[in-house]
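Working notes, structure below.
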Amino acid sequence: MLRIQEQDRAERVRERPPARAQLQVWFEMELRKLVVVLIAADDLPPRDHTLGYGDEPEAFARIRLLPSLETCPPVETDPASASCSPVWNATLGFGGLTADLLAGRALELTLWDACPGIDPVLIGECTMELEKAFAEERAVWWTLEERGTRSANASPRGSLTGGRALRRGDFASQRSISDDMDSIGECASLLHPDHAWVAGSRRGSSQSETLEVEVYQLGKDFSRSLPGSRRSSFQQQEKGSPIV
């Protein structure tokens with residue numbers, strides 16, 4: 001009987017769509033802040049039930065710049081309630097930045113299960129080139145690469161490969177100062193209840209690549225309520241039209 005249950009569990013894992021996380025990124029040029037709004041994740045793999053703490057992970061996110069900067073250590077969310085589709089609605093900020101410091105960098109997002117009694121277990125991760133993240137008008141879904149267990153204190157990856165380096169001009173027309181960002185500290189993590197939404201259903205088919213971006217359409221366009229849907233300046237340079 002136990003063997004049949006394990007086989008059923010393995011089959012469900014094979015049929016499960018890839019895990020994803022939804023977030024939006026922009027740069028507050030006058031405040032010198034890189035802002036990341038992490039909204040939710042879905043289709044996270046179940047927790048190992050043999051640990052005795054249920055099947056659903058208590059996921060938290062860790063975000064860091066790559067290559068890393070001593071002045072901007074990684075930022076984290078609090079663990080969400082146990083769920084394979086957690087919702088954080090968290091605004092994370094990296095302060096004291098300039099276009100030069102951001103050039104050629106990316107964000108690494110890792111999701112961890114804060115399982116009681118053991119070290120956090122890695123659920124999945126993805127790396128987002130800032131140029132690609134800035135190009136999006138709204139919060140989008142990023143597919144996570146699921147990996148085996150490693151320590152939550154693991155060192156950052158040594159380098160970034162591939163992709164065009166960011167230019168200073170790419171940040172020239174990022175958002176100006178807004179009152180709603182004054183509360184974000186140099187490297188702070190805050191919750192924004194005004195950004196709350198109810199996670200919707202998603203396709204059952206698999207995504208094609210780990211870093212493929214998919215805009216997720218909701219009945220309510222919550223991205224308009226976020227402090228700053230914007231168009232990146234390199235889009236303006238390519239099209240020769242003003243930013244709206």
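When we follow UniProt numbering, the leftmost residue of the sequence shown carries the number 1, and every step to the right adds one. Cβ coordinates follow ideal geometry from the N, Cα and C atoms, glycine included. Just so you know, these numbers come straight off a predicted model, no measurement behind them.
Under the rule that 16 or more other beta-carbon atoms within 10 Å means buried, what is Pro-45, buried or exposed? buried
Stretch pair the region 71-90 + the region 131-144: three plus CB contacts closer than 8 Å: no
Given that a residue counts as buried once 16 or more other Cβ atoms are within 10 Å of its Cβ, and exposed if not, what is Ile-118? exposed
Kindly indicate which residue of Leu-69, Arg-64, Leu-122, Cys-72 has the alpha-carbon position closest to the one of Pro-57. Leu-122
Please confirm whether Val-35 and Ala-133 have their CB atoms less than 7 Å apart. no
Straight-line Cα distance separating Ala-59 from Leu-65: 20 Å
Does DSSP put Glu-137 in a helix, in a strand, or in coil? coil
Which residues DSSP lists as bridging residue 256, in chain order: Look at the range of the chain in this structure, 1 to 244, and you will see that residue 256 is not part of it.
Hey, which unbroken runs of the beta strand (DSSP E) at 3 residues or more fall wholly within the region 38-116? 59-66, 87-94, 106-113
Any idea what DSSP makes of Trp-23, helix, strand or coil? Checking the sequence, you will find Leu at residue 23 rather than Trp. In the structure shown, Leu-23 sits in a strand (DSSP, three-state: E or B).
If we count the other Cβ atoms within 10 Å of its Cβ and call it buried at 16 or more, is Asp-55 buried or exposed? exposed
Quick one: Cα of Gly-124 to Cα of Leu-102, how far? 24 Å
Beta-carbon proximity check, Ile-63 vs Leu-92, cutoff 7 Å: yes
Identify whether Leu-122 lies in helix, strand or coil by the three-state DSSP scheme. strand
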